[in-house]
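Just so you know, we're using the working numbering here: the sequence shown kicks off at 1 and counts up by one.
Note that CB positions come from ideal geometry on N, CA and C, so glycine has one too.
In this text, all values refer to a predicted model and were calculated from it rather than measured experimentally.
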Amino acid sequence: MKGIKKVEGDAGPPLQDSELLVILTKPPLHHIQGYDAKNLDGTYYHGDPVYVRHEPSWKWKDERSAHINFETHRLPPVTLPVIDKFDCPPPPPPSADENDTAAPAPHTVAPPCEHAVKVDSPPWLAERLRFGNGDGLTVRTAGTPHDFGTYEFAYNMTAYNLGKMVANATNSTAAEVVPYEPSYETVYSYPVLADAREYAFDDRHGIAMRYGGSWQEDVLHPMRRSFINGWNGTGGGHDPYAYNHFGQDHVFDTGRNSSPNHTALEHVQGTQTAMFVRSGHGTVLFEWPVSGWVFSTYNQTTTGEPGAATAAAAKAATNENVTSHLQIYSHDFAGKDTLLYETAMRYPEMPFAKRVAIQSVDRTGAVQTSDKITLRVTSHTELGAEYITDYIRDKIMWDAGDPIIAQIIVNDTHPMVQEWRTFDGIINATVLRTSVHFDDIAIQNGTGLSFSGRLTDLHELADHPETLRLSAPYDLGLSVLAPTSLYISINNSDEHAIHNKYYSFGGSETVSINVQKDNPTDISRDPGRIIIRQPENFGTIKHVEINGTRLQQPCPTGCTVMFQPDTALDVVLYNEWGGEAHATVNASNMFNAPNPDEPRWWLVGLATSLLVISYGIYRKVTAAKKPRY
1 MKGIKKVEGD
11 AGPPLQDSEL
21 LVILTKPPLH
31 HIQGYDAKNL
41 DGTYYHGDPV
51 YVRHEPSWKW
61 KDERSAHINF
71 ETHRLPPVTL
81 PVIDKFDCPP
91 PPPPSADEND
101 TAAPAPHTVA
111 PPCEHAVKVD
121 SPPWLAERLR
131 FGNGDGLTVR
141 TAGTPHDFGT
151 YEFAYNMTAY
161 NLGKMVANAT
171 NSTAAEVVPY
181 EPSYETVYSY
191 PVLADAREYA
201 FDDRHGIAMR
211 YGGSWQEDVL
221 HPMRRSFING
231 WNGTGGGHDP
241 YAYNHFGQDH
251 VFDTGRNSSP
261 NHTALEHVQG
271 TQTAMFVRSG
281 HGTVLFEWPV
291 SGWVFSTYNQ
301 TTTGEPGAAT
311 AAAAKAATNE
321 NVTSHLQIYS
331 HDFAGKDTLL
341 YETAMRYPEM
351 PFAKRVAIQS
361 VDRTGAVQTS
371 DKITLRVTSH
381 TELGAEYITD
391 YIRDKIMWDA
401 GDPIIAQIIV
411 NDTHPMVQEW
421 RTFDGIINAT
431 VLRTSVHFDD
441 IAIQNGTGLS
451 FSGRLTDLHE
461 LADHPETLRL
471 SAPYDLGLSV
481 LAPTSLYISI
491 NNSDEHAIHN
501 KYYSFGGSET
511 VSINVQKDNP
521 TDISRDPGRI
531 IIRQPENFGT
541 IKHVEINGTR
551 LQQPCPTGCT
561 VMFQPDTALD
571 VVLYNEWGGE
581 AHATVNASNM
591 FNAPNPDEPR
601 WWLVGLATSL
611 LVISYGIYRK
621 VTAAKKPRY
C-alpha cells in the first residue's frame with residue numbers, strides 16, 4: 001500500500017494485544033434500476049457484479065489512523081473481469097406526459113454504468129461507501145454466459161505501527177456463478193374488473209403467476225431471482241370471421257407482490273420492470289385499452305389507428321373474440337434473452353359497469369340539497385345468481401388449482417357489496433356488475449356447440465351438470481346475464497327497486513326523484529272526457545285519484561279518462577316516490593241541462609234561422625212555376 005513508510009527496530013509505544021483478522025463480506029450491489037444484483041442464496045448470475053469488501057479487525061484502528069496502517073494484497077488467481085465503473089447516478093426517468101398515448105420504448109437508454117453500492121445513502125454518492133482505515137473493495141463481473149462454477153477471492157493483509165509490521169493475516173471467500181433457468185409454474189391471465197370500466201376491453205390485462213425458482217442440474221432453487229423487463233404484446237379480433245390485428249401495443253403498468261407470507265415480487269416505481277427475488281406469487285399488469293377498436297366502425301388512417309366511432313356504431317361491436325396475447329421475457333439478463341412465459345386472454349363481451357346519477361328534484365328540476373338518498377345494489381341469489389367473486393374463486397381453482405392465484409384475481413374484481421349515501425340530494429355512482437347466472441343461458445363451449453345451462457345437448461358433460469359454470473371458458477362464464485337490483489331510499493323511506501330482473505349495464509342512466517307535494521299538472525276537459533298530462537320533472541305516474549276515488553286505468557305517462565261526470569273534479573297524481581301533483585277541473589259548460597229560470601235565447605235564434613231558410617226555399621219554388629212570355 002502506498003504511503004506507508006516501513007522502518008526497522010522499535011515501533012514506538014507498545015500496542016495493546018490485538019489480533020488482526022481479515023473480514024470479508026459480499027454485500028449485493030444495487031442494480032441501477034433498483035434491484036439487488038445477487039440471489040438470496042448467495043449465488044450470482046452471469047453479468048452480476050461480485051462485490052467483495054475487505055476490512056481489518058483491529059482495536060481502535062480508526063481512532064489511531066495517524067500511525068496504524070494496513071497493506072492489502074489480493075492473492076491470485078481471480079479470473080473474473082474487473083468492473084471499472086459501478087457507482088453512478090441512474091438515467092433520468094422517461095417523460096410523464098399524460099397526453100402522450102404512444103407506447104413507451106421497452107428499454108431505456110443504457111446508463112453510464114449498471115450498478116451501485118447499496119448502503120444507507122443514495123446509491124450514486126461516492127461518500128456512501130464510508131470506508132474506514134484499511135477498508136477496501138473488489139468488484140468483478142460474474143463470468144461469461146457459460147463460465148459457471150465457484151471463484152475464490154483471497155486476501156493477505158499486514159498491519160503497520162509507525163511503519164513497522166506488527167501483524168499479518170489471510171482470509172478467502174468464494175462466489176458461485178450459476179445458470180439462469182427460471183421456472184414459472186402457473187400463469188393465469190384475467191381482466192382487472194376492479195378498474196370499473198364500462199367494458200373489460202378497457203380494463204388492464206392482469207397476469208397472476210407463481211414463480212418456482214431457477215433450475216440447476218435438475219434441482220429447482222427457490223431463492224434465485226427472475227427479472228421481468230421485456231414483453232411482446234399483440235392482439236385483435238374477428239370481424240366477424242376475418243381476423244383483424246389491433247395496431248396498439250401493450251404498456252407495462254405495474255407489478256406487485258401477491259405472496260401472503262413474504263415478498264416474492266418487487267417493483268421499483270417509475271420503471272417498467274419487476275423482479276421475482278424468490279419463489280412465490282406475483283402479479284404483472286399491462287394497459288391495453290381497445291374499446292375503440294372493438295366497437296368503432298373506423299376508417300383506417302395512414303397510421304393504422306381507428307377513427308372516431310359513429311353514433312350508430314358506438315355500441316355495436318364490429319369485432320368478436322377479442323384476444324390479448326403477451327410474451328414476457330428477461331431481456332439481456334444473465335447474459336441472454338429468456339422467454340419467461342406467454343399467455344393469451346379472450347375478453348368477456350358483456351358490459352360490467354353503468355354510470356348512474358340519482359337526484360332529488362322539485363317541480364322546476366332543481367336539486368333538493370337537503371334530501372338524503374341511499375343507493376344499494378344487490379344480486380338476486382334467490383333466483384340462482386352467484387357473486388362474481390364466488391364464481392371466479394371456484395373457476396380458478398378448477399382451472400389452476402392454486403388458491404393464492406384465485407384470491408389474487410378475486411381481489412381484482414368487483415366488491416360483493418355496493419352502497420352509496422348522500423345528504424345533499426344527489427348521488428353519482430358507477431354501478432358494477434357483481435353476479436353471474438347460468439340457468440337457461442346459452443353459452444359457447446369453444447367446440448362449435450352451444451349448450452343450455454342444464455347441459456342437455458353436451459353428452460360428455462350431461463352426467464355432471466354441476467361443472468357447467470366451471471367447464472365453460474372463463475370469458476364466457478363472465479358474460480352470462482346477471483340478475484341485479486338497484487334499491488333506492490329517500491329520506492329514510494322504504495327501499496324502491498327501479499328496474500326489472502336483469503339490469504341493463506353499459507352506458508349511463510339518470511334517475512330523478514320527486515317527493516314534493518305541490519307539483520302542478522296540466523289537465524284539460526272535453527265533453528265526456530278529461531286529458532291528464534304527465535307533469536314535468538315528476539316521473540312516472542303510479543296512480544290517479546279523482547274526487548278521492550282511485551282510477552283503475554293505468555296512466556304512467558299521462559292518459560285520457562272517458563265518461564267523467566260533468567261536475568267539478570279534484571284530481572291528484574301520485575308518482576312512485578310518493579310525490580303528488582294536484583289540479584281542480586271545473587264543471588263542463590257544453591251540453592249541460594238548461595236552467596228553466598234562464599231565457600232560452602238559443603231557441604229563439606234557432607227558430608229565426610229556420611224561418612229565414614224556409615222563406616228562401618218558398619221564393620225559389622214559386623218563381624220556378626210562373627209562365628214565361
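Rounded to a whole number of angstroms, what is the C-alpha to C-alpha distance between residue i and residue j?
i: SER258; j: GLY213; result: 16 Å
i: ARG140; j: TYR155; result: 15 Å
i: VAL511; j: GLU536; result: 14 Å
i: THR378; j: ALA274; result: 38 Å
i: ILE409; j: HIS331; result: 27 Å
i: LYS38; j: GLY425; result: 59 Å
i: LYS164; j: PHE333; result: 48 Å
i: GLU176; j: THR150; result: 4 Å
i: GLU382; j: PRO348; result: 25 Å
i: VAL22; j: GLY134; result: 10 Å
i: ASN321; j: ARG346; result: 6 Å
i: VAL431; j: THR584; result: 42 Å
i: TRP288; j: PRO222; result: 32 Å
i: ILE441; j: ALA317; result: Legend: pLDDT at ILE441 = 41, less than 50; position of this residue unreliable, value from coordinates given subsequently. So the two alpha carbons sit approximately 21 Å from each other.
i: SER189; j: ASP249; result: 17 Å
i: GLY206; j: ASN492; result: 41 Å
i: ALA264; j: GLY132; result: 35 Å
i: TYR487; j: CYS555; result: 23 Å
i: ILE490; j: GLY539; result: 15 Å
i: VAL109; j: GLN33; result: Unreliable positioning characterises VAL109 in this predicted model, as indicated by a pLDDT of 38, which lies under 50. The coordinate reading is nonetheless provided below. Looking at the two C-alpha atoms, the distance is approximately 12 Å.
i: ASN631; j: PHE295; result: Because the chain is modelled from 1 through 629, residue 631 falls outside the range shown and cannot be assessed.
Apply the 10 Å Cβ neighbour rule to residue i and answer buried if 16 or more other Cβ atoms are within range, or exposed otherwise.
i: SER370; result: exposed
i: LEU339; result: exposed
i: TYR252; result: A quick correction: the sequence has Phe, not Tyr, at residue 252. By the 10 Å Cβ count, PHE252 comes out buried.
i: GLN552; result: exposed
i: SER471; result: buried
i: LYS354; result: buried
i: LEU193; result: buried
i: VAL417; result: exposed
i: TYR44; result: buried
i: LYS59; result: exposed
i: ASP62; result: exposed
i: GLU19; result: exposed
i: ASN428; result: exposed
i: ASP475; result: buried
i: PRO565; result: exposed
i: VAL178; result: buried
i: PRO483; result: buried
Can you name the start and end residues of the alpha helix (DSSP H) that residue i belongs to?
i: GLN407; result: 403 to 411
i: TYR474; result: 474 to 478
i: ALA400; result: 388 to 400
i: SER291; result: 291 to 295
Can you tell me whether residue i sits near the ligand FAD, meaning its C-beta is under 7 Å from at least one heavy atom of the ligand?
i: LEU470; result: By its list of ligands, the structure shown contains no ligand whatsoever, and the ligand FAD lies outside what it can speak to.
Across which residues does DSSP place residue i in a beta bridge pair?
i: ILE426; result: GLN359
i: VAL632; result: Since the first and last residues shown for the chain are 1 and 629, residue 632 lies out of range.
i: ASP526; result: ARG529
i: PRO182; result: SER214
Can you give me the start and stop residues for the beta strand (DSSP E) that residue i sits inside?
i: ASP570; result: 569 to 575
i: CYS559; result: 558 to 562
i: ASP253; result: 251 to 257
i: ASP147; result: ASP147 -> no beta strand (DSSP E), and no H or E assigned at all.
i: ASN244; result: 243 to 245
i: GLY212; result: 205 to 216
i: ASN232; result: 230 to 238
i: PRO56; result: 49 to 57
i: HIS31; result: 29 to 31
i: GLU71; result: 68 to 75
i: GLN327; result: 320 to 333
i: THR521; result: No beta strand (DSSP E) holds THR521; DSSP gives it neither H nor E.
i: LEU375; result: 373 to 379
Are there three or more Cβ pairs, one per stretch, closer than 8 Å when the segment 314 to 328 is compared with the segment 232 to 239? yes
Take every Cβ of the segment 131 to 139, pair it with every Cβ of the segment 43 to 55, and state whether three or more of those distances are shorter than 8 Å. yes
Stretch-stretch touch, CB-based, cutoff 8 Å, three pairs: the segment 207 to 226 with the segment 275 to 289: In short, these stretches touch, since the Cβ pair count reaches three.
Does the count of Cβ pairs from the segment 64 to 72 and the segment 156 to 165 closer than 8 Å reach three? Under the Cβ criterion (8 Å, minimum of three pairs), the segment 64 to 72 counts as touching the segment 156 to 165.
Is the segment 504 to 522 touching the segment 358 to 368, taking contact as three or more C-beta pairs under 8 Å? yes
Meets three-Cβ-pair contact criterion under 8 Å: the segment 180 to 189 and the segment 393 to 403: yes
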